[in-house]
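Novice: Going left to right, the sequence shown walks through residues 1 to 269 as this note's numbering numbers them. For each residue, glycine too, the CB sits at the ideal point set by N, CA and C.
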Amino acid sequence: MLATRTLLSKQTLAVLSRQPACFVHHGDYGNWGNTNIAVVFSGCGWWDGTDVHEGVYTMYHLSRNGARFQMFAPNQQQMHVMDHMRKQPATGENRNMMMEAARFSHGQGMTQMQDLAKLDVNSFDAVIFPGGHGVVKNLSSFVKDGKDCKLHNDVERVLKEFHRSRKPIGLASMAPVLACRVLPNIEVTMGYERDDSTRWGNWPHTNMVQAVKSMGARHNGREPYEAYVDEKNKVVSTPSFMWETEYHYHYIFDGIGNMVKHVMRMSTK
């Protein structure tokens, strides 16, 4: 009996080893590459562009759930370059958002970073904006103008076109600021409305919650591992790094995973 079990186990492993990874690890909402998602970046780095974790987690979960995706960023200079060690602007440096965001690229062809000006809503089923301070510095003037901020022209165009086309919009951490500024009566989450520190982390950016509420949006409190779904407007958001934590990045990973799954669920309707 033991010999038989050992033989079966070896045969099973031999079969699985010959299968493509997607056969073994296919996700919940995947449609074998038929869903095409645009992902919009604002540079590379939490303090002056797209947060690296949020960008990578987004692409991971899209891949896990069977989606094709294309990366975009504005082909323009970013507001400034931050020294991420000292957390202060670096002197004498200027960088291009698209060139910096290309650090997320891997491979060639369609996996390379594209100019946001070329994003055509008719070519995609949904759009996702990962977070990071590039949202409030490069994709909008929020860091200077708060609730009265202006959006980058192509960012505003993309959000309005996807909303008008009834195609899902995914937003992580600070990105709801963008949608709330130009889309009426939407519902989002950016986490907690007060900085209620816990043993695991704290919420230092709650001023943005008050700003989106003043823009006319409805805010819903959620944990970093959760997502909020506005079914009516097809807007999905997750708090992500609105929550600061030293070690518990798996909560951020799970929250972005929930956001991606709901975006894909609605994009296949």
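According to the neighbour-count rule (16 or more other Cβ atoms, all chains shown, within 10 Å of its Cβ), is K232 buried or exposed?
Specialist: By the neighbour-count rule (16 or more Cβ atoms within 10 Å), K232 is not buried but exposed.
Novice: Run the CB neighbour count on M215, radius 10 Å, all protein chains shown included, and call it buried at 16 or more, exposed below.
Specialist: That one is buried.
Novice: Unbroken beta strand (DSSP E) runs of length 3 or more, entirely within the segment 210 to 259: which are they?
Specialist: Qualifying beta strand (DSSP E) stretches, in chain order: 218 to 221, 228 to 230 and 235 to 238.
Novice: Counting pairs of beta carbons, one from the segment 80 to 91 and one from the segment 38 to 53, are three or more of them closer than 8 Å?
Specialist: The segment 80 to 91 is in contact with the segment 38 to 53.
Novice: Excluding the five sequence neighbours on either side, which residues of its own chain have a C-beta within less than 6 Å of the C-beta of F162, listed in chain order?
Specialist: For F162, where only same-chain residues beyond five positions count, the Cβ hits under 6 Å are V121, V127 and I169.
Novice: Taking the continuous beta strand (DSSP E) assigned at R68, which residues delimit it?
Specialist: First-last of the beta strand (DSSP E) with R68: R68 to A73.
Novice: Using three-state DSSP, classify G170 as helix, strand or coil.
Specialist: Looking at G170 - three-state DSSP - the assignment turns out to be strand.
Novice: Look up L119 in the DSSP assignment and say whether it is helix, strand or coil.
Specialist: Coil.
Novice: Can you name, in chain order, every residue of its own chain whose Cβ lies under 6 Å from the Cβ of F142, other than the five neighbours on each side?
Specialist: Only V136, C149 and V177 meet the Cβ criterion.
Novice: Candidates V188, E100, V155 and P204: which alpha carbon is nearest D195's?
Specialist: Measuring from the Cα of D195, the nearest candidate turns out to be P204.
Novice: If I measure Cβ to Cβ from M266 and keep anything under 7 Å in the same chain, skipping five residues before and after, which residues do I get?
Specialist: For M266, where only same-chain residues beyond five positions count, the Cβ hits under 7 Å are P168 and K234.
Novice: Could you round the C-beta distance between I37 and D154 to whole angstroms and report it? I think they count as a contact, below 8 Å.
Specialist: With a Cβ gap of about 17 Å, I37 and D154 do not count as contacting.
Novice: Flag this pair as yes or no: are the beta carbons of L159 and A179 separated by less than 8 Å?
Specialist: Closer than 8 Å, so yes.
Novice: Taking the alpha-carbon positions, what's the G257 to R86 distance?
Specialist: Cα to Cα, G257 sits roughly 31 Å from R86.
Novice: If I measure Cβ to Cβ from P89 and keep anything under 8 Å in the same chain, skipping five residues before and after, which residues do I get?
Specialist: The residues are H80, V81, M82 and D83.
Novice: Can you have a look at H106 and say buried or exposed, based on whether 16 or more other CB atoms are within 10 angstroms of its CB?
Specialist: Exposed: under 16 other Cβ atoms inside 10 Å.
Novice: Return the CA-CA distance between F72 and H248, expressed in angstroms with no decimal places.
Specialist: Near 29 Å, if we compare the C-alpha coordinates of H248 and F72.
Novice: Does the Cβ-Cβ distance between Y192 and Y225 come in under 8 Å?
Specialist: No; because the gap between Cβ atoms is not below 8 Å, this pair is not in contact.
Novice: Fully enclosed by the segment 146 to 200, which alpha helix (DSSP H) runs are 4 residues long or longer?
Specialist: Listed in chain order, they are 153 to 164 and 176 to 182.
Novice: Of all the CB atoms in chain B, is at least one closer than 8 Å to the CB of M113?
Specialist: Among the chains in the structure shown there is no chain B, since it carries only a single protein chain.
Novice: For V135, name the three-state secondary structure that DSSP assigns.
Specialist: In this structure, V135 counts as helix in the three-state DSSP scheme.
Novice: On the CB-based measure, 16 or more other CB atoms within 10 Å of its CB, does E100 come out buried or exposed?
Specialist: That one is buried.
Novice: Would you kindly work out how many angstroms separate the C-alpha atoms of R68 and K144, rounded to a whole number?
Specialist: The alpha-carbon atoms of R68 and K144 are separated by roughly 35 Å.
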